[in-house]
Amino acid sequence: MSRFIDIHPHVISDDESRYPPAPLFGKRSDWSQERPCVVETLIAAMDEAGVARAAVVHSSTTYGFDNAYVVDACNRYPDRLIAVGSVDVRAPDAVETIRAWTDRGLKGLRIFTGGSTKDFDPTELEDEAAYPAWELLGELGLTMCIQTGPVGLPQVRSLAERFPNVPIILDHLGRPDVTDGPPYAKAQSLFDLADVPSIYFKLTPRIMDDSVSGAATPDTLFPKLVEVFGADRLAWGSNFPTSPGTLSEILATAQDRLSSLSAGDRVRVFGGTAATLYPALAG
């Protein structure tokens, strides 16, 4: 396979005077300080790993709602990168703000309800104040990533049903508990989303690690995900440099974990689904 698309790397500027940190929730993530990655470093890592293109996800735990670096960085490599940013979708001026960022080059959005610096809070996902922003996403043809855990899945379903023309991608597969092994009963709330076709799922190092934890195995978990959702709703994301290891190592692990899938399904996971979600990456 010669063409990979990564839909979850990050970049961090080394120029804090031009791009000052202002982390969401007031606490900066450890990884962004310990493993910062400027866009040139990402491009070099992609070249080494054989990754053709990427949807670079804004670091909310570094820059809050200021998407300046991810947009500027991706605009420097328009044939390789697109920017996925974050906006306060509940703010009164959210619609104008989204239009302004898309005019600067933003190609997708993300809602960060928690993660490395804060427990998940799904209340943002049920706030009607955000509905105008979601309506605009449908008009502009933008995809929305959502970072949440199982606690937020009911709200994700509600949004998907209210705004069916907005593709939603669950970061890190929605962080299910798969340690019980097949038939993965603890992850049933995730599987229950199978009937909502506009919800997609990122397969990142987190689920790659979980697939060899407890009673889980890659040969039972990933075929189950394909059986439930279809490979055309699954897409690979590296989480580089948040997750440890080089991009080449992260990709190699993902290839190994997904080796039980058919060649066609692997093509979809490692690029085909990404091109559907972000047409600008199709080439």
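Using our numbering, you'd call the opening residue of the sequence shown number 12 and step up by one each time. A virtual CB, placed ideally from N, CA and C, is assigned to each residue, including glycine. All values reported here derive from a predicted model rather than from experimental measurement.
Per the C-alpha coordinates, the member of 87, 206 and 94 positioned closest to residue 69 is 94. Less than 8 angstroms separates the beta-carbon of residue 164 from that of residue 201. For residue 239, same chain residues with a beta-carbon under 6 angstroms away, outside a window of 5 residues either side, are 202 and 205 in chain order. DSSP places residue 56 in the helix class (H, G or I) of the three-state scheme.
Across the set 44, 223, 142 and 257, the C-alpha of 142 shows the shortest separation from the C-alpha of residue 175. Only residues of its own chain outside the window of five on either side were considered, and among them 88 and 91 have a CB closer than 7 angstroms to the CB of residue 54, listed in chain order. If only uninterrupted alpha helix (DSSP H) runs of at least 4 residues are considered, those enclosed by the segment 97-176 are 105-115, 142-151 and 164-173. Note on residue 173: under 16 other CB atoms within 10 angstroms of its CB, so exposed under the neighbour-count rule. Scanning its chain for C-beta atoms nearer than 8 angstroms, with the 5 sequence neighbours on each side dropped, one finds around residue 234 the residues 271 and 272, in chain order.
Residue nearest to residue 259 within the set 275, 216 and 111 is 216 (criterion: CA-CA distance). Residue burial is scored here from C-beta neighbours: residue 294 has fewer than 16 other C-beta atoms within 10 angstroms and is therefore classed as exposed. Contact between the segment 70-77 and the segment 276-287 is absent, with fewer than three C-beta pairs closer than 8 angstroms. Using a Cβ distance threshold of 8 angstroms, residue 264 and residue 225 do not count as a contacting pair. With respect to the C-alpha of residue 136, the residue from 96, 160 and 118 having the closest C-alpha is 160. A direct Cα-Cα distance of roughly 6 angstroms separates residue 133 from residue 124. Secondary-structure assignment with DSSP links residue 211 through a beta bridge to 180. A Cβ-Cβ distance of about 6 angstroms is found for the pair residue 118 and residue 289, placing them in contact under the 8 angstroms criterion. The Cβ atoms of residue 78 and residue 112 sit closer than 8 angstroms to each other. Taken in chain order, the complete beta strand (DSSP E) segments of 3 or more residues contained in the segment 242-268 are 245-247.
A distance of 8 angstroms or more separates the beta carbons of residue 17 and residue 49.
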